[in-house]
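*Asks:* Following this message is one structure expressed as structure tokens.
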Amino acid sequence: MRISKSLCKRIALASASTAMAVIGLEVALRWFGAGPLSVNPDQRDLWVYHSEFGWIGRPNHEGTLDNGYFKVHVAINSQGLRGREATFEKSAAMRRVLVVGDSFAWGFGVEHAEIFATRLEAALSATEVINGGMSGYSTDQALLWLRNEGMRYAPDVVVYVLSGNDDIMN
525 MRISKSLCKR
535 IALASASTAM
545 AVIGLEVALR
555 WFGAGPLSVN
565 PDQRDLWVYH
575 SEFGWIGRPN
585 HEGTLDNGYF
595 KVHVAINSQG
605 LRGREATFEK
615 SAAMRRVLVV
625 GDSFAWGFGV
635 EHAEIFATRL
645 EAALSATEVI
655 NGGMSGYSTD
665 QALLWLRNEG
675 MRYAPDVVVY
685 VLSGNDDIMN
């Protein structure tokens, strides 16, 4: 099938018009103060790209998360999880609880001692609680992580922390 010259001209005109409209919109947005979204540099240091989950905690990293409203110390273990090291092998004498979810589970804005998983472990005897939460994860990312990494910890119980923003963000 052959494309006529007039059709080619119309396609070129439509493409040029669309490009000009997009450029004009960009200029207008910048004029009114809108700019590109950026990642907080503190957060950029705490997370790294992961091809399957999108991102994980930067393994073996410690840093400060300071966003102007709070300033907290964050320690990430070798598996990219917030908190102390956790092995995949489970002690027969201990129950194991795996907490999964988004920033509420991860502990965004709170020190390690104030995280839900840490407090749960302190409240339960003979129970190890692993914090598998990851800031910014939606339910699909949490499920992918649980299936591919979390179940390797052989948890007796999995607690999914469902947050109020999950239905909006998914």
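Note that the numbering used here has the sequence shown beginning at 525, numbered continuously upward.
Every residue, glycine too, gets a C-beta built ideally from N, C-alpha and C.
State buried or exposed for residue 679, treating a residue as buried only when at least 16 other CB atoms are found within 10 Å of its CB.
*Replies:* Residue numbering aside, residue 679 sits at position 155 when the sequence shown is read from its first letter. It is buried - the Cβ of residue 679 has at least 16 other Cβ atoms within 10 Å.
*Asks:* Below 8 Å CB to CB, which residues in the same chain sit around residue 632 once its five sequence neighbours on both sides are set aside?
*Replies:* Residue 632 sits at position 108 when you count from the first residue of the sequence shown. Excluding positions up to five away in sequence, the list reads 589 and 659.
*Asks:* Of the choices 574, 601, 576 and 577, whose alpha-carbon is the least far from that of residue 587?
*Replies:* Numbered from its first residue, the sequence shown carries residue 587 at position 63. Ranking 574, 601, 576 and 577 by Cα distance to residue 587 puts 601 first.
*Asks:* Assuming contact is defined by CB atoms lying nearer than 8 Å, are residue 625 and residue 687 in contact in what I supplied?
*Replies:* Here the question's residue 625 lines up with position 101 in the sequence shown. Here the question's residue 687 lines up with position 163 in the sequence shown. Closer than 8 Å, so yes.
*Asks:* Using a Cβ-Cβ cut-off of 7 Å (strictly less than) and excluding sequence neighbours within five positions of residue 574, which residues of its own chain qualify?
*Replies:* Within the sequence shown, the letter at position 50 stands for residue 574. Answer for residue 574: 580, listed in chain order.
*Asks:* Spatial neighbours of residue 619 within its chain, please: C-beta separation below 8 Å, excluding the five flanking residues on both sides.
*Replies:* Position 95 of the sequence shown, counted from the first residue, corresponds to residue 619. Counting only Cβ-Cβ distances below 8 Å, and skipping sequence neighbours, we find 648, 650, 651, 652, 680 and 681.
*Asks:* In the structure shown, what three-state DSSP assignment does residue 593 receive?
*Replies:* Taking the sequence shown and counting its residues from 1, one reaches residue 593 at position 69. In the structure shown, residue 593 sits in coil (DSSP, three-state: anything other than H, G, I, E or B).
*Asks:* Would you mind reading off the limits of the alpha helix (DSSP H) that contains residue 519?
*Replies:* Any question about residue 519 goes unanswered here, given that the chain covers just 525 to 694.
*Asks:* The alpha helix (DSSP H) with residue 548 in it runs from where to where?
*Replies:* The residue given as residue 548 occupies position 24 in the sequence shown. It spans 529 to 555 - the alpha helix (DSSP H) in which residue 548 sits, taken as one unbroken run.
*Asks:* Counting C-beta neighbours from all protein chains within 10 Å, is the total for residue 642 16 or more, i.e. buried, or is it exposed?
*Replies:* Here residue 642 refers to the residue found at position 118 of the sequence shown. Flag for residue 642 reads buried.
*Asks:* Less than 8 Å between the beta carbons of residue 684 and residue 666, yes or no?
*Replies:* Walking along the sequence shown from the start, residue 684 turns up at place 160. Walking along the sequence shown from the start, residue 666 turns up at place 142. A contact, by the Cβ cut-off of 8 Å.
*Asks:* Measure the alpha-carbon distance for residue 591 versus residue 571 and round it to whole angstroms.
*Replies:* In the sequence shown, counting from the first residue as 1, residue 591 sits at position 67. In the sequence shown, counting from the first residue as 1, residue 571 sits at position 47. Near 15 Å, if we compare the C-alpha coordinates of residue 571 and residue 591.
*Asks:* Based on DSSP bridge pairs, tell me the residues matched to residue 598.
*Replies:* Taking the first residue of the sequence shown as position 1, residue 598 is located at position 74. Per DSSP, 587.
*Asks:* For residue 573, which three-state DSSP category applies?
*Replies:* Within the sequence shown, the letter at position 49 stands for residue 573. Strand at residue 573.
*Asks:* Helix, strand or coil, according to DSSP, for residue 526 in the structure here?
*Replies:* As a first step, residue 526 is located in the sequence shown; it is residue number 2 there, counting from the start. If DSSP states are grouped into helix, strand and coil, residue 526 belongs with coil.
*Asks:* So, for residue 669: in the same chain, excluding its five sequence neighbours on each side, which residues have a beta-carbon less than 6 Å away from its beta-carbon?
*Replies:* Reading the sequence shown from its first residue, position 145 is the one you call residue 669. Closer than 6 Å at the Cβ level, and outside the excluded window around residue 669, lie 577.
*Asks:* What residues in its chain sit with their C-beta under 6 Å from that of residue 569, if we drop five residues either side in the sequence?
*Replies:* In the sequence shown, counting from the first residue as 1, residue 569 sits at position 45. Excluding sequence neighbours, residue 569 sits near 587.
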